[in-house]
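Chemist:
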Amino acid sequence: MISTLNRNIAPDNHPITHIPKICADETKLSNGIPVYSINAGSQDVVKIDIIFNAGLWQQDCNLQATLSNAMLNEGTSNNTAAQIAETFDFHGAYIQLGADQHYGNISIITLNRHLDKIIEVTSDLIINSEYPEQEFHTQIQKRRNKFTVENEKVKTMCQKNFTQIMFGNDHPYALNTKVEDYDSITREKLLKFYKQNYQPNNCKIILSGRITDSTIKTLDKYLGNGGWSDLSVVTPSINPQIITSSQLHHHIQKADAIQTALRMGKFIPNKDHADYPELNIVNTILGGYFGSRLMANIREDKGYTYGIYSVLLTLKEAAYFFITTETGNEVSKATIEECQKELKRMRTEPVGLQELDTVKAYMMGEILRDLDGPFALAANLRGMLEFNLDNNFIDQQINAIKNITPERILELSNKYLNEEEMHIVTAGS
Amino acid sequence: MINFSRHKLNNGLTILVHRDDTTPMAALNIAYNVGSRDEDPNRTGFAHLFEHLMFGGSKNIPVYDEPLQRVGGDNNAYTTNDLTNYYLTLPADNLETGFWLESDRMLELDFCQKSLDVQKNVVIEEFKQRYLNQLYGDSFALLRALAYKEHPYQWPTIGKDINHIEEATLEHVKDFFFSHYAPNNAVLVASGNVNTDEVLAYAEKWFGSIPRREVTPRNLPVEPPQTEYRFQEVKKDVPLDAIYMAWHMCDRLSPEFHTTDLISDVLSNGQSSRLFRRLVIEQQLFTELDAYISGDTDAGLFIVSGKLNPEVTHIQAQQAIEKEIAIISKEPVSESELEKVKNKVEANLLYSEINYLTKAMNLANYEILGSADMINSQAQHYREVTPEKLLSVAQKIFVKSNQSVIHYHKQS
Chain A
1 MISTLNRNIA PDNHPITHIP KICADETKLS NGIPVYSINA GSQDVVKIDI IFNAGLWQQD
61 CNLQATLSNA MLNEGTSNNT AAQIAETFDF HGAYIQLGAD QHYGNISIIT LNRHLDKIIE
121 VTSDLIINSE YPEQEFHTQI QKRRNKFTVE NEKVKTMCQK NFTQIMFGND HPYALNTKVE
181 DYDSITREKL LKFYKQNYQP NNCKIILSGR ITDSTIKTLD KYLGNGGWSD LSVVTPSINP
241 QIITSSQLHH HIQKADAIQT ALRMGKFIPN KDHADYPELN IVNTILGGYF GSRLMANIRE
301 DKGYTYGIYS VLLTLKEAAY FFITTETGNE VSKATIEECQ KELKRMRTEP VGLQELDTVK
361 AYMMGEILRD LDGPFALAAN LRGMLEFNLD NNFIDQQINA IKNITPERIL ELSNKYLNEE
421 EMHIVTAGS
Chain B
1001 MINFSRHKLN NGLTILVHRD DTTPMAALNI AYNVGSRDED PNRTGFAHLF EHLMFGGSKN
1061 IPVYDEPLQR VGGDNNAYTT NDLTNYYLTL PADNLETGFW LESDRMLELD FCQKSLDVQK
1121 NVVIEEFKQR YLNQLYGDSF ALLRALAYKE HPYQWPTIGK DINHIEEATL EHVKDFFFSH
1181 YAPNNAVLVA SGNVNTDEVL AYAEKWFGSI PRREVTPRNL PVEPPQTEYR FQEVKKDVPL
1241 DAIYMAWHMC DRLSPEFHTT DLISDVLSNG QSSRLFRRLV IEQQLFTELD AYISGDTDAG
1301 LFIVSGKLNP EVTHIQAQQA IEKEIAIISK EPVSESELEK VKNKVEANLL YSEINYLTKA
1361 MNLANYEILG SADMINSQAQ HYREVTPEKL LSVAQKIFVK SNQSVIHYHK QS
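Chains A and B are the protein sequences, given in the same order.
Using the working numbering, read the first sequence as starting at 1 and increasing by one per residue.
Using the working numbering, read the second sequence as starting at 1001 and increasing by one per residue.
#1: Rounded to whole angstroms, what's the CA-CA distance from Met1/A to Leu1068/B? Just pull it up for me.
#2: Do you know offhand how far Glu420/A's Cα is from Ala257/A's?
#3: Can you find a C-beta in chain A that's less than 9 Å from the C-beta of Asn1163/B?
#4: If contacts are defined as beta-carbon pairs under 8 Å, then Ile38/A and Ala54/A qualify, I think. What distance do you get, rounded to the angstrom?
#5: Along chain B, in chain order, which residues have C-beta atoms closer than 7 Å to that of Tyr306/A?
#6: For the structure I just gave you, are there three or more beta carbon pairs, one from the region 1195-1208 of chain B and one from the region 1365-1375 of chain B, closer than 8 Å?
#7: Out of Ile308/A, Tyr362/A, Ile323/A, state which residue places its alpha-carbon closest to the alpha-carbon of Phe267/A.
#8: Name, going along the chain, the residues of the region 60-91 of chain A whose beta-carbon falls closer than 9 Å to a beta-carbon of chain B.
#9: Cα separation between Ile140/A and Leu1240/B?
#10: Near Asn1269/B, which residues of its chain fall below 7 Å by C-beta distance, leaving aside the five closest residues on each side in sequence?
#11: As a quick exercise: from Thr1079/B, Gln1154/B, Ser1329/B, Gln1411/B, pick the residue whose alpha carbon is nearest that of Asn1042/B.
#12: Just to confirm my understanding: we take Gln1403/B, look at its own chain, exclude 5 residues before and 5 after, and list those with CB closer than 6 Å. What are they?
#13: Where does the unbroken alpha helix (DSSP H) through Ala1077/B begin, and where does it stop?
#14: Could you check whether Leu1279/B and Ala1027/B sit closer than 9 Å to each other, using their CB atoms as the reference points?
#15: Does Trp1155/B get closer than 9 Å to chain A when you measure Cβ to Cβ?
#16: Answer with yes or no whether the minimum CB distance from Lys966/B to chain A is below 9 Å.
#17: From the DSSP output, in three-state form, read off Ile1368/B for me.
#18: Considering Met1413/B, what are the terminal residues of the alpha helix (DSSP H) in which it resides?
#19: Given that Thr358/A touches chain B, what residues does it touch there, using C-beta distances under 8 Å?
#20: Since Lys1059/B and Leu1101/B should fall inside the 8 Å C-beta cutoff, what is the C-beta to C-beta distance between them, to a whole number of angstroms?
#21: Taking only the alpha-carbon atoms, compute the straight-line gap between Gln43/A and Ala1347/B and give it to the nearest angstrom.
#22: If you measure from the beta carbon of Met1/A to each beta carbon in chain B, is any gap under 9 Å?
#23: Distance cutoff 9 Å, beta carbons only. Does Phe1099/B sit that close to anything in chain A?
#24: By how many angstroms is the C-alpha of Asn73/A removed from the C-alpha of Thr186/A?
#25: Report yes or no: is there a C-beta of chain B within less than 9 Å of the C-beta of Gln259/A?
#26: Please work out which residues of its chain come closer than 7 Å, Cβ to Cβ, to Leu412/A, disregarding the five sequence neighbours upstream and downstream, and give them in chain order.
#27: Between Gly352/A and chain B, is any beta-carbon pair separated by less than 9 Å?
#28: In the structure shown, what three-state DSSP assignment does Gln975/B receive?
#29: Looking at the structure shown, is Lys1205/B part of a helix, part of a strand, or coil, going by DSSP?
#30: Please name the residues in the region 1178-1203 of chain B whose beta-carbon is closer than 9 Å to at least one beta-carbon of chain A, in chain order.
#31: How would you list, in chain order, the residues of chain A whose beta-carbon sits under 7 Å from the beta-carbon of Thr1287/B?
#32: Between Glu133/A, Lys28/A, Gln58/A, which has its C-alpha nearest Thr76/A's C-alpha?
#33: Mind checking Ser1412/B: buried by the 16 CB within 10 Å criterion, or exposed?
#34: Could you tell me whether the Cβ of Met364/A comes closer than 9 Å to any Cβ of chain B?
#35: Between which residues of its own chain and Asn1094/B is the CB-CB distance below 6 Å, once the five residues before and five after are set aside?
#36: Any beta carbon from chain B within less than 9 Å of Leu368/A's own beta carbon?
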């Protein structure tokens, strides 16, 4: 008989004791391209991430990295854009293209039974892309139009301006694409960038899902030979200077905006720094999860916003902290003040033990969730490879979560997150 | 193939269990059979407002999120026209905490003015962020209102009018809760690294004593067949002209559903599709152009929407779309084109079987729709579509008098 069920008391909490390691097999294709495989998963599906050092960092002018990547499926010496699209669609496979600050990425997901065909067409666009004139013009027009739409959003304005004042306009991390850039980019500039950067000695591959010996063999058959252009990559040895604006507050006026977008933040040590795992905990408490102080105060208590987060953004050559939100115009000032209050509280009042325990448990759950399944493991591996980290990095995070104290949180907040030193950008009316 | 077992508690709560031991995690998904179509036309946006209130604390547990976070869990929810879905994931060892939390908010919410006031504000900000402050953010609300005159699909889940949210009182909120949130109006799915006996024991322990409730019977107006072409023009501060077209189509359980879905795929699924190749790339009329079905439970909409290239007029854009519509209504698709869209659907169904949470959500959705068993027969239904069926459904849908069109102009 269930007579008394006490609903006020939570069931027993079983702490997480086992965190899986990332187990990747490492091998090389015949031409030296490193391949990392994470073999797991219940379905006969494989994801292939082909990563080139071909990002904004390597480009001579705006749009070069993004467009040379985005147009990889627009035509090769063997296949037209229509034929490439037809092959992917017919086999139920997906190709996702994207360039970021340091990398040009080609990500494929396919059923294993179509692997050969899909790798064949993928290798063709990696090795033999031609950026046909007509497709180039169509893409430019499409993307210019999309850019115009995107560029009108207060959120985009705010984000772009924030990177500009933090890094200075000419730094590769400053997002400063303008509509005029679509007029000055040429097909030749894309070809040049492509030939220089989409090369075997500039490439790595991460496989995840169900992988067999024949997966690697198929990759080797199409991508492992030395038949790519024999230009050796000259990695531009640029050493861009960060020029941060001396003015802390910036506002972009958009007369008819219904909401104001806000970003505030400052530089922090990077992912491979000894303080990073603990700083990550500080950030989680402040604004890194749904129950964070920023959410509790500014969304749940004041109702100023639909969501507010703080983020540690780690790029290869620099890392920064920022808070981001969109609020009603009339409360944007109040929101900034509340953010500053919460930041100040982080460095003046010790975190209560109950709150700290909650965050610790939540973060352990996040690590488990983050390492669950082959595709998630692959994404993590990728992040670690970028900073030459290994499984020790996961151990460091776990140790930090287990051992951090309220005193240490005060110390780190004072050292890295002083609200008086933060740059603030608002866009709205 | 997704294996699952089905069980029912005495109070009417349906329980589905699906085990996937490739993960150390578990998911708990509860779908309530209430969506924005169940709202009073003068009090729209309630189902969605409710989704927010469900996180404001329940009868015996003052806050929902914190106890879940303390066991390494995470959660979210969404509202559609047809249902409201709540889901959480946690390390499988802590599954019982999920049952404890979800059962208490099914039992009764902590109805308090402060929580209501704050969540009203949050929803109003959400309304601004996702609809008003968003370019083209009102387009689907306009299209729904044009296409539906009787059926409650005429308003979006966020609501018809922001005032409806502003005017919500605690009394309204309580009413809504007790007439829709009930064990006999919900489906619970546990998936991931779980075992059936344990799930059933927790379910009985935590949900077993929640009383069955009288659920307001669903008695929705049927949308009468549209008999005239509908057209609307709007002018907004947007960078590009846009066009939205809608035709009424069958309901989700109709034998024509899968055929209709494949029609939209032939037109627009992927870069090899007709609309993309011909109108976006070859004729360069659109920056983007999509065809898709709304996927609603009751009779839904077949939608084509796109953004026009700057020098293109709405008339040209509409004619070009209608020409493609005419072709698919006149000429049977080739076997290979049909094979292509079927392959793609089949692959997508397989991809959706990878993640334990996705599987839990899909099982709950199908069970609310009628039976979770449908999840394993979808591929077969798509396989059975023929060029002849496709042609006859296209002819039925693509009739001028069944069409609603919005020309969305940018202010010059």
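From the three backbone atoms N, C-alpha and C, an ideal C-beta is built for every residue, glycine too.
Modeler: So, from the listed chains and residues:
#1: Residue 1/A sits at position 1 when you count from the first residue of the first sequence. Residue 1068/B sits at position 68 when you count from the first residue of the second sequence. For Met1/A, the predicted structure reports a pLDDT of 44, less than 50, and the residue's modelled location is therefore unreliable. A value from the coordinates is still provided. Approximately 28 Å between the Cα atoms of the pair.
#2: Translated into positions along the first sequence, residue 420/A becomes position 420. Translated into positions along the first sequence, residue 257/A becomes position 257. Here the alpha carbon of Glu420/A sits roughly 28 Å from the alpha carbon of Ala257/A.
#3: Reading the second sequence from its first residue, position 163 is the one you call residue 1163/B. By this cut-off, Asn1163/B is not an interface position.
#4: Position 38 of the first sequence, counting from 1, holds the residue named residue 38/A. Position 54 of the first sequence, counting from 1, holds the residue named residue 54/A. Cβ-Cβ separation between Ile38/A and Ala54/A: approximately 23 Å, too far for a contact (criterion under 8 Å).
#5: Working through the first sequence from its first residue, we reach residue 306/A at position 306. Those are Val1122, Glu1125, Glu1126, Gln1129, listed as they occur along chain B.
#6: The answer is no - the region 1365-1375 of chain B does not touch the region 1195-1208 of chain B, with fewer than three Cβ pairs under 8 Å.
#7: Taking the first sequence and counting its residues from 1, one reaches residue 267/A at position 267. Relative to Phe267/A, the option among Ile308/A, Tyr362/A, Ile323/A whose CA is nearest is Ile323/A.
#8: Close to chain B, meaning a Cβ-Cβ distance shorter than 9 Å, are the following residues of the region 60-91 of chain A: Asn73, Ala81, Ala82, Gln83, Ile84, Ala85, Glu86, Thr87, Phe88, Asp89, Phe90, His91.
#9: On the first sequence, residue 140/A is found 140 positions in, with the first residue counted as 1. On the second sequence, residue 1240/B is found 240 positions in, with the first residue counted as 1. Whole-angstrom Cα-Cα distance: 16 Å.
#10: Here residue 1269/B is taken as the residue at index 269 of the second sequence, counted from 1. These residues qualify, in order along the chain: Val1341, Lys1344.
#11: Against the second sequence, residue 1042/B aligns to sequence position 42. Nearest Cα to Asn1042/B within the set Thr1079/B, Gln1154/B, Ser1329/B, Gln1411/B: Gln1154/B.
#12: Residue numbering aside, residue 1403/B sits at position 403 when the second sequence is read from its first letter. The beta carbon of Gln1403/B lies closer than 6 Å to those of Tyr1229, Trp1247 in the same chain, with the five residues before and after it left out.
#13: Within the second sequence, residue 1077/B is the residue found at index 77, counting from 1. Following the DSSP letters along the chain, one finds Ala1077/B in no alpha helix (DSSP H) but inside the beta strand (DSSP E) bounded by residues 1074-1079.
#14: Taking the first residue of the second sequence as 1, we reach residue 1027/B at position 27. Taking the first residue of the second sequence as 1, we reach residue 1279/B at position 279. No, the Cβ-Cβ distance between Ala1027/B and Leu1279/B is not below 9 Å.
#15: The sequence position of residue 1155/B within the second sequence is 155, counting from 1. Closer than 9 Å: no.
#16: Here chain B comprises residues numbered 1001 to 1412, so residue 966/B is not present and cannot be evaluated.
#17: Here residue 1368/B is taken as the residue at index 368 of the second sequence, counted from 1. In this structure, Ile1368/B counts as helix in the three-state DSSP scheme.
#18: In this structure chain B extends from 1001 to 1412, so residue 1413/B is not present and cannot be described.
#19: Indexing the first sequence from 1 puts residue 358/A at position 358. Per Cβ cutoff of 8 Å: Glu1066, Gln1069, Arg1070.
#20: As a working note, residue 1059/B is residue 59 in the second sequence. As a working note, residue 1101/B is residue 101 in the second sequence. Contact flag wrong, Cβ pair sits at about 12 Å.
#21: Residue mapping note: residue 43/A aligns to position 43 of the first sequence, counting from 1. Residue mapping note: residue 1347/B aligns to position 347 of the second sequence, counting from 1. Their Cα atoms are separated by approximately 11 Å.
#22: Along the first sequence, read from residue 1 onward, the residue named residue 1/A stands at position 1. Low confidence applies here, because Met1/A scores a pLDDT of 44, under 50, leaving its location unreliable; read the following figure in that light. It does not; no Cβ of chain B falls within 9 Å.
#23: The sequence position of residue 1099/B within the second sequence is 99, counting from 1. So yes, Phe1099/B belongs to the interface.
#24: The residue labelled residue 186/A in the question sits at position 186 within the first sequence. The residue labelled residue 73/A in the question sits at position 73 within the first sequence. Looking at the two C-alpha atoms, the distance is approximately 17 Å.
#25: One-based indexing of the first sequence puts residue 259/A at position 259. For Gln259/A, the answer is yes, since a Cβ of chain B falls inside 9 Å of its Cβ.
#26: Along the first sequence, read from residue 1 onward, the residue named residue 412/A stands at position 412. For Leu412/A, where only same-chain residues beyond five positions count, the Cβ hits under 7 Å are Asp275, Glu278, Leu279, Val282.
#27: Along the first sequence, one-based indexing puts residue 352/A at 352. Closer than 9 Å: no.
#28: The structure shown does not extend to residue 975/B, since chain B spans only 1001 to 1412, so no value can be given for it.
#29: Here residue 1205/B is taken as the residue at index 205 of the second sequence, counted from 1. The answer is helix: DSSP assigns Lys1205/B an H, G or I state.
#30: Only Tyr1202 from the region 1178-1203 of chain B bring a Cβ to less than 9 Å from some Cβ of chain A.
#31: Looking up residue 1287/B in the second sequence gives position 287. The contacting residues are Lys142, Asn145, Lys146.
#32: Position 76 of the first sequence holds residue 76/A. Nearest of Glu133/A, Lys28/A, Gln58/A to Thr76/A, Cα basis: Glu133/A.
#33: As a working note, residue 1412/B is residue 412 in the second sequence. Its Cβ having fewer than 16 others within 10 Å, Ser1412/B is exposed.
#34: Here residue 364/A is taken as the residue at index 364 of the first sequence, counted from 1. So, interface residue.
#35: Walking along the second sequence from the start, residue 1094/B turns up at place 94. If we look at Asn1094/B and ignore the five residues flanking it on each side, its Cβ neighbours are Val1071.
#36: For the purposes of this step, residue 368/A is taken as residue 368 along the first sequence, with counting starting at 1. Taking Cβ atoms only, chain B reaches closer than 9 Å to Leu368/A, which makes this a yes.
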